[in-house]
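First comes the structure, then the notes that go with it.
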Amino acid sequence: MNTEVHERRSHWKVNLVFGFIFGAVLIAFLKPELLGNLAFPDLSGLGTFKTMFVGIVLEALPFILLSVFVSSLMHEFLPEGWIGKVIPRNPLLGIAVAGLLGVVFPVCECGLIPIVRRLIAKGMPLYAGIVFILVGPIVNPVVYGATYTAFRTRPELLYGRMGLALGVGLAVGLSVYVLVRGDQLRNGSRGGDAAGTNQRELGEPVHRLDHDRDEDPAHRHQEHILQHHRFHRDQIHRHQHRDPAHRPNHNADNSDNYSNNPSHNHRHNHSHDHEHSHNHPAHKRNRFFAVLNHAGGELYDMGGYLIFGAAIAAAVQAFLPRAELAGIGQSGWESHLFMMGFAFVLSLCSTSDAFVASSFASTFSAGSLLAFLVFGPMMNLKGLLMLLTAFKARFVILVVLITGAAVLAGSLILAQAYGL
Amino acid sequence: MSTMENKRLARHYGFRGLLLGGFTVYIVHLAKSGSLQYYIAPRMMIYLKLAALGLFVLAVYFVYEALQLGFGWKDEPDDCDCDHAPSRSKWRNLVLYGLFALPLAFGFALPDKAMGSDVVAVKGMNLNAAGAVGAARTSPSPGGTTQSRADDTATNGNVTVGQPAAGQADNAPAASSAASDGASSANGADPQSEEAKLQQLFPYDEYSEDFSKLGIRLYKRDLIRVEAEGFLEVSTTLSMYMDNFQGKTIDVSGFVYREPDMKPNQFIVSRLAMTCCSADSVPYGFLVESPDAGLKDDTWVRVTGTIGRTTYGGNAILRITAGKPTKIEAPKDPYVYPYNGDIVQLAK
Numbered sequence: 001m002n003t004e005v006h007e008r009r010s011h012w013k014v015n016l017v018f019g020f021i022f023g024a025v026l027i028a029f030l031k032p033e034l035l036g037n038l039a040f041p042d043l044s045g046l047g048t049f050k051t052m053f054v055g056i057v058l059e060a061l062p063f064i065l066l067s068v069f070v071s072s073l074m075h076e077f078l079p080e081g082w083i084g085k086v087i088p089r090n091p092l093l094g095i096a097v098a099g100l101l102g103v104v105f106p107v108c109e110c111g112l113i114p115i116v117r118r119l120i121a122k123g124m125p126l127y128a129g130i131v132f133i134l135v136g137p138i139v140n141p142v143v144y145g146a147t148y149t150a151f152r153t154r155p156e157l158l159y160g161r162m163g164l165a166l167g168v169g170l171a172v173g174l175s176v177y178v179l180v181r182g183d184q185l186r187n188g189s190r191g192g193d194a195a196g197t198n199q200r201e202l203g204e205p206v207h208r209l210d211h212d213r214d215e216d217p218a219h220r221h222q223e224h225i226l227q228h229h230r231f232h233r234d235q236i237h238r239h240q241h242r243d244p245a246h247r248p249n250h251n252a253d254n255s256d257n258y259s260n261n262p263s264h265n266h267r268h269n270h271s272h273d274h275e276h277s278h279n280h281p282a283h284k285r286n287r288f289f290a291v292l293n294h295a296g297g298e299l300y301d302m303g304g305y306l307i308f309g310a311a312i313a314a315a316v317q318a319f320l321p322r323a324e325l326a327g328i329g330q331s332g333w334e335s336h337l338f339m340m341g342f343a344f345v346l347s348l349c350s351t352s353d354a355f356v357a358s359s360f361a362s363t364f365s366a367g368s369l370l371a372f373l374v375f376g377p378m379m380n381l382k383g384l385l386m387l388l389t390a391f392k393a394r395f396v397i398l399v400v401l402i403t404g405a406a407v408l409a410g411s412l413i414l415a416q417a418y419g420l
Numbered sequence: 001m002s003t004m005e006n007k008r009l010a011r012h013y014g015f016r017g018l019l020l021g022g023f024t025v026y027i028v029h030l031a032k033s034g035s036l037q038y039y040i041a042p043r044m045m046i047y048l049k050l051a052a053l054g055l056f057v058l059a060v061y062f063v064y065e066a067l068q069l070g071f072g073w074k075d076e077p078d079d080c081d082c083d084h085a086p087s088r089s090k091w092r093n094l095v096l097y098g099l100f101a102l103p104l105a106f107g108f109a110l111p112d113k114a115m116g117s118d119v120v121a122v123k124g125m126n127l128n129a130a131g132a133v134g135a136a137r138t139s140p141s142p143g144g145t146t147q148s149r150a151d152d153t154a155t156n157g158n159v160t161v162g163q164p165a166a167g168q169a170d171n172a173p174a175a176s177s178a179a180s181d182g183a184s185s186a187n188g189a190d191p192q193s194e195e196a197k198l199q200q201l202f203p204y205d206e207y208s209e210d211f212s213k214l215g216i217r218l219y220k221r222d223l224i225r226v227e228a229e230g231f232l233e234v235s236t237t238l239s240m241y242m243d244n245f246q247g248k249t250i251d252v253s254g255f256v257y258r259e260p261d262m263k264p265n266q267f268i269v270s271r272l273a274m275t276c277c278s279a280d281s282v283p284y285g286f287l288v289e290s291p292d293a294g295l296k297d298d299t300w301v302r303v304t305g306t307i308g309r310t311t312y313g314g315n316a317i318l319r320i321t322a323g324k325p326t327k328i329e330a331p332k333d334p335y336v337y338p339y340n341g342d343i344v345q346l347a348k
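Protein chains in written order, with UniProt numbering: chain A, 1 to 420; chain B, 1 to 348.
Right under this line is the structure:
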C-alpha cells in the first residue's frame, strides 16, 4: 500500500541518517584528529562537560524511572476519580494539601511531573497539581535535611526556604485557580467531560467514545479492543492531534489511515480515550506487560527532554566561569534576579542545591540565596522542558511568570523584613 | 494487524530496548570499574543500581516485544492500547534516540576522569569554608538575631581573649555541659576556669554550638589533621575561629590548584566537595605558602605547616606556611562529602 511503501522508505532514511550521525559523533570523540583542529579545540572542557553531563543524567535516572513506574501503576490500577476524593474541593484547602504532599512523597521535579500529569488526568484539580509540582520538591524531609546540613548556622535560610516555597505555591495555586479555565494538559481534553470525572488517557490525543460510559463490565478485554477499533472507524468522534507543529506527518498519516487503509487502524500514534474496564482477573499478565509498556513509553517521552536539559546545564557548568558571573551583582533585586536565572540554568536537584548555594554565601546576600533556593527547584531548564511535554505552552509560560514574580517579590520582602 | 505496522513497531521497540540495555551495561561497567564515584556520590549509588535493574527489565521487555512483533509470533502489540506509541515523524525519532544515545556515546568514548583543576577554574575556589557553611555576614542584621554576634566575632576575628561574647549569658548552662564534655582531655589544673576561657574563645549561638565544640576539641591539639571525612566541617570550624588557631600545626592533603593572580610561592591545596552528583561539586581549599611551590596543577600533595592568616581577594582567609609539600598518590575516592553525623565527633 502507498503509505507502507512510503513509510518503509522514510525509515531507511532515518536509520541511515541516524547511523551516520552516530558514527560521526563516535569518530569525533575517539579520533578527534581525523576531523581536524576546527572540530573540538578544547578537549579538556569537553571532558568536564562529559563528567557533568553523565553525572546529571545518572543522578536523575533513578528518580525519573521511579516516577514513570509509579505513574504507570497509577494509570493501570488507580480507580478513576480517586484523587478527587483525596484532595479537598475547597481551593485553599486543596492548595494546602498539595503543598504538603511532598512531605509524604519526597521526589524532585523530574520525578514529579509524570506523576502529577497522571494525577491531573485522574481528576486532581489543575491548581493543586501545579502546587504539588512547585512546592513538593522543596517542602519535604529530604530537602529539609539537606538544607539544614548546608546552612547549619543559618536557620533563617532553612525556614525562609520552606516558608517562601509554601507562600509562592499558594500564590501560584490561587492565580491558576482564578485565571485558568479548561484543560491545560497537552494533548488531553477534559473540557467536554460534563461529569467532571475524566476518563481520558494522557499524553496523547483523545478519541472520546461515549459508549464507554455505559459499557458492560463483563466486557472481555480482547473483544473490547476489536470493538473499539471498529468504533473508531464508524463512530462520530472528535480527535485532537498532538502538537501538529512537532508532527508534520501526523495529519496526513491519519487521514490516510482512516480513509484508505482500514487495516492500519489498530496502531496509530495517538490514543483512544476509552475506559475499557481493566478489571479482568484473566488479564493479570497483560496488565503487567501493559505497565512495562507504559512505563517504557513514558520514559522515552520524558527522558529526551531530561537529557536535553541535562546537556545544556552541563554545558553551562563546564564552559561558563562562575567567578565572572559573581561580579554581576551581589545585593539588591538584581542579585535576586541573577541568582534565580542562575538556578534556572544550573538545573540542580533540590537535594543538593543548598550546598551549591552555600558556596556563594560569602559573595551573595542571603536574600538572593533564598531566591536561588526557592526558584531553582520550582523552575529550571530540565524541569521546564518536562513541563512543556505535560502542559500546554501558554499555561507553562503563565506559571513560569507567576512563579518568577512571586519568588522575586517574596524573597525581596523577606530580605527586607529580616535583613537577609 | 498489518505486518508492516508490526515491523515498524518492532524496529522502534528494538531500538528502545537496545538503548536501555546500553544504559544498564554502562551503569554496571561504571560500578565494576569503580568509576561511578566520579559521577555520583556514594549515598546515591544504591538508587542508581536499582535503576539499572529497572532499566534492564524494561530493556528485556522491549527486545522481547520487538522479537515477537518482528517475527510475527503474535499479531497484536502487547500494550495498554492508549498512548506513548512511537512517533511517525522521522526527525522526532531521530532526535529522541539521538538524545538517549548521547550520554552513552560520551560515556564510552571519553575516559572517566576525576574532576580537578579545570573544574575548579570554572566553578571558582572557596578559600573560606565558613563563608560557605556557616556564612558570616559582617553587617549586623536589623532582625537582631544572636547569631550575627557570633558570626561577627568569627569573621572579623576581632575577639580578644577574656572579652565575653554578648550572647554568652543565655548559653551558660549549655556551655558548662559542653565544657564537661571535653574536660577529661584537658590537662589544666583548674579545669573549670580552663573551660570557661575556651568558651570565650569559641563563642557560639544556638545554631553554631556544634562548631564551637568541635573548635574547642581541635584547639586542644598541637597537630590538626584535616581528613577527607569531615573535611568541610573541620575547614569551616578552622575558618570560623581562624584567629584561635594561629600558630597551630595543620596537616592536610589535596590536589594543587593555582589562581592566575597568585604569587609564585603560593598554591592552594584543594578538595572538591560533592553532594549528589558531579554537577553540584564545590571546590574548597587552603592557601599554602611554601618555598617549594613549583608543583604542577592536579598533583596530589600532603602539606604540613603552620596556620596563619592573610587576605586574599579582599577576604580574610586561613594561610598555611609550609615546608616542602610531600607528593602522594591520588586517593581512591578523590572527593569529600558533607558529613551527616554529629560533627563534634569529627575530632576523635
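Where is the CB? At the ideal position from N, CA and C, for every residue including glycine.
The criterion of a C-beta distance shorter than 9 Å is satisfied by residue 103(B) and residue 54(A).
Residue 323(B) sits close to residue 305(B), with the two beta carbons spaced by under 9 Å. Residues of the stretch 263-277 of chain B with a C-beta less than 8 Å from any C-beta of chain A: 273, 275, 276, 277, listed in chain order. Closest in alpha carbon position to residue 349(A), among 137(A), 304(A), 294(A), is 137(A). The bridge partners DSSP lists for residue 283(B) are 272(B).
In chain order, 53, 54, 57, 307 make up the part of chain A whose C-beta sits under 7 Å from the C-beta of residue 103(B). An exposed status is given to residue 263(B), since fewer than 16 other beta-carbon atoms sit within 10 Å of its beta-carbon. Neighbours of residue 100(B) in chain A, taken as residues whose beta carbon is under 8 Å from its own, are 300, 303, 304, 307 in chain order. Cβ-Cβ distances below 8 Å link residue 59(A) to 349 in the same chain, with the five nearest sequence neighbours on each side left out; the list follows chain order. Taking the CA atoms as reference points, residue 330(B) sits about 8 Å from residue 299(B). According to the DSSP assignment, residue 108(B) belongs to the alpha helix (DSSP H) that extends over 90-109. Chain-ordered, the chain A residues with CB closer than 8 Å to the CB of residue 16(B) read 296, 300.
Between the beta-carbon of residue 275(B) and that of residue 338(B) there is about 6 Å, and that keeps the pair under the 8 Å contact cut. Assignment of beta-bridge partners to residue 53(A) by DSSP yields no partner. Going by DSSP, residue 217(B) is part of no beta strand (DSSP E) but of the alpha helix (DSSP H) stretching over 209-219. Taking a cut-off of 8 Å on C-beta distances, the stretch 358-371 of chain A does not touch the stretch 91-100 of chain A, as fewer than three cross pairs fall below it. With fewer than 16 neighbouring CB atoms inside 10 Å of its own CB, residue 311(B) falls in the exposed class. DSSP places residue 256(B) inside the beta strand (DSSP E), whose first and last residues are 249-257. A check of alpha carbon separations from residue 265(B) across 214(B), 296(B), 8(B) identifies 296(B) as the nearest. The shortest CA-to-CA distance from residue 232(B) to any of 58(B), 128(B), 110(B) is the one to 128(B). In this structure, the beta-carbon distance from residue 179(A) to residue 398(A) falls below 9 Å. DSSP lists 305(B) as the bridge partner or partners of residue 322(B).
Rounded to whole angstroms, the separation of the alpha carbons of residue 53(B) and residue 122(A) is 29 Å. Residue 66(B) does not reach chain A, its nearest Cβ partner there being about 11 Å away, counting only Cβ pairs nearer than 7 Å. Any Cβ of chain B closer than 9 Å to the Cβ of residue 90(A) would place that residue at the interface, and such an atom is absent. Considering only beta carbons, no part of the stretch 219-251 of chain B lies closer than 7 Å to chain A. Nearest to residue 419(A) by alpha-carbon distance, out of 65(A), 108(A), 154(A), 97(A), is 154(A).
A residue is called buried when at least 16 other Cβ atoms come within 10 angstroms of its Cβ; residue 208(B) meets this threshold and is buried.
Collapsing the DSSP output to three states places residue 360(A) in coil. For the options 296(A), 357(A), 370(A), the alpha carbon positioned closest to that of residue 332(A) is the one of 370(A). Nearest in C-alpha terms to residue 33(B), of all of 221(B), 112(B), 3(B), 197(B), is 112(B). Closest option to residue 248(B), judged by alpha-carbon separation, among 239(B), 221(B), 282(B): 221(B). One Cα belongs to residue 115(A), the other to residue 44(B), and the distance between them is close to 22 Å. Interface flag for residue 140(A) against chain B is unset, since no Cβ pair is found closer than 9 Å. Counting along the chain, residue 394(A) sits inside the alpha helix (DSSP H) bounded by residues 393-418. Each residue's CA atom was taken as its position, placing residue 386(A) and residue 119(A) some 16 Å apart.
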